[in-house]
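Presented below is the structure to which this report refers.
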DNA sequence: ACGGACATGTAATAAGTTACATGATTAT
DNA sequence: ATAATCATGTAACTTATTACATGTCCGT
């Protein structure tokens, strides 16, 4: 007990500030609001919820229809969250397999690499479009913080796309 | 055996194309060349090396001074790598705790958030400077692929810094 | 009636982190 | 001589991924 809260668990506590939610709800909400820079899976959510219930940070409300089991914040949970939130957030980390592939590009058929680049560029363009749509929808207007993180995604995708566009010049060179 | 190769292990095989290296060497080389978008730890390296030796993908050369135990690629290793390299690289994933903190910014003292933002912006500025220095040093000129990934880092850091610079306008708004 | 979304959870495994133990060699 | 760096590795643990099992309720 009183293990330090990990970021994934903490984010669940954060969402529970909005009111009681089930694991399912949390997966959906998290996917939507932090999915762009913090991945989590269903399994993780249920596991963290179970652990946090054991630790008294959340409490199960009475089970609803379809075995819905909503959890609500306890005072302990609220303060554990506040403590976590105030801590120095760690450095970001990026893991991009495509770049790994590219570092070893000399061992790969150029057309194959080109194909991968095309695919990934397309994915990023779609992601950017989706972010822009969200931004235009005004559904986040109530929360300037959420909007700011969305903005991060937009800046990121734009930069990546620009990088893709300038790549051929970089890669076609002699050497 | 014949478990699918993971990206971390595969990258070690990639580096071994340059010639036999020890775990230590690999940690250093990997840190330098892919550290920006693929983190790995010493433990992981030694574990993957042990597993790959078991699987016959690499072979230990004779131990040198200081218990140095260099590994070299086997034919099996070479072809496992080629196979891995040709595969569809998965989507990138970013995990940025600062953004998590920001999403819940409404529960945090504004000055504390501002402080975190200042710190992180500084970290990104330093990172950018370091990338630019590497780019200016011409030490990567022999490898246009490595240069391209370095470029990714530069585009990324620039975008993030720009985002930081535009943040106050975003966050100071009413609401 | 039935397909699809809702909902919870477990099992098995892989990957990643942190800390430590041990010792050799080099440079000062 | 002693501190720093080189070098290998283990132990203990936490986090993350993938796949599966089970069942409910809603809409058509």
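Chains as they are written, first to last, in the UniProt record's numbering: chain A, 1 to 175; chain B, 1 to 175. Note that the Cβ used here is the ideal one computed from N, Cα and C, for glycine as well.
Any Cβ of chain B closer than 8 angstroms to the Cβ of residue 45 of chain A would place that residue at the interface, and such an atom is absent. Between the stretch 34 to 44 of chain A and the stretch 4 to 21 of chain A, the count of Cβ pairs shorter than 8 angstroms is three or higher; the stretches touch. Here the alpha carbon of residue 159 of chain B sits roughly 17 angstroms from the alpha carbon of residue 148 of chain B. Within chain A, no residue has its CB atom less than 8 angstroms from the CB of residue 76 of chain B, the nearest being about 16 angstroms off.
Secondary structure of residue 118 of chain B (DSSP, three-state): helix. Below 8 angstroms, too few C-beta pairs join the stretch 55 to 64 of chain B and the stretch 100 to 114 of chain B to call them touching: fewer than three.
It is roughly 46 angstroms from the alpha-carbon of residue 123 of chain B to the alpha-carbon of residue 63 of chain A. Distance from residue 127 of chain B to residue 157 of chain B at the Cβ level is roughly 5 angstroms; contact confirmed, criterion being Cβ atoms closer than 8 angstroms. The criterion of a C-beta distance shorter than 8 angstroms is satisfied by residue 84 of chain A and residue 5 of chain A. Rounded to whole angstroms, the separation of the alpha carbons of residue 20 of chain B and residue 93 of chain B is 31 angstroms. Within the stretch 89 to 103 of chain B, the residues whose Cβ lies closer than 9 angstroms to some Cβ of chain A are 89, 90, 91, 92, 93, 94, 95, 96, 97, 98, 99, 100, 101, 102 and 103, listed in chain order. Per DSSP, the unbroken alpha helix (DSSP H) holding residue 171 of chain B starts and ends at 144 to 171. Look at residue 3 of chain A here: in three-state DSSP terms it is coil, with no helix or strand label. Contact note: residue 167 of chain A reaches chain B through 148, using a C-beta cutoff of 7 angstroms and chain order. The DSSP-derived three-state label of residue 30 of chain A is helix.
The beta-carbon separation of residue 23 of chain B and residue 49 of chain B, rounded to 5 angstroms, stays under the 8 angstroms limit for a contact. The Cβ atoms of residue 89 of chain B and residue 98 of chain A lie closer than 8 angstroms to each other. A residue is called buried when at least 16 other Cβ atoms come within 10 angstroms of its Cβ; residue 65 of chain A does not meet this threshold and is exposed.
For residue 40 of chain B, there is no enclosing alpha helix (DSSP H), since its DSSP letter is neither H nor E.
Taken through DSSP and simplified to helix, strand or coil, residue 128 of chain B comes out as helix. Residues of the stretch 102 to 116 of chain B with a C-beta atom less than 7 angstroms from some C-beta of chain A are 102, 103, 104, 105, 106, 107, 108, 112 and 116, listed in chain order. Rounded to the nearest whole angstrom, the CA to CA distance from residue 30 of chain A to residue 135 of chain B is 38 angstroms. Put simply, the CB of residue 138 of chain A is far from chain B, with every gap to its CB atoms at 8 angstroms or more. When the beta-carbon positions are compared, residue 154 of chain B and residue 132 of chain B come within less than 8 angstroms of each other. Remark: C-beta atoms of residue 73 of chain A and residue 17 of chain A approach each other more closely than 8 angstroms. Annotated three-state conformation of residue 71 of chain A is strand, per DSSP. DSSP, reduced to helix, strand and coil, places residue 18 of chain B outside both helices and strands of the structure shown, so it counts as coil.
Look at the stretch 73 to 97 of chain B and you find these whole runs of alpha helix (DSSP H), each 4 residues long or longer: 75 to 86. Residue 80 of chain A sits buried, since 16 or more C-beta atoms from the chains shown fall within 10 Å of its C-beta. If you check the CB distance, residue 95 of chain B and residue 86 of chain A do not come in under 8 angstroms.
The Cβ of residue 130 of chain A sits no closer than 8 angstroms to any Cβ of chain B.
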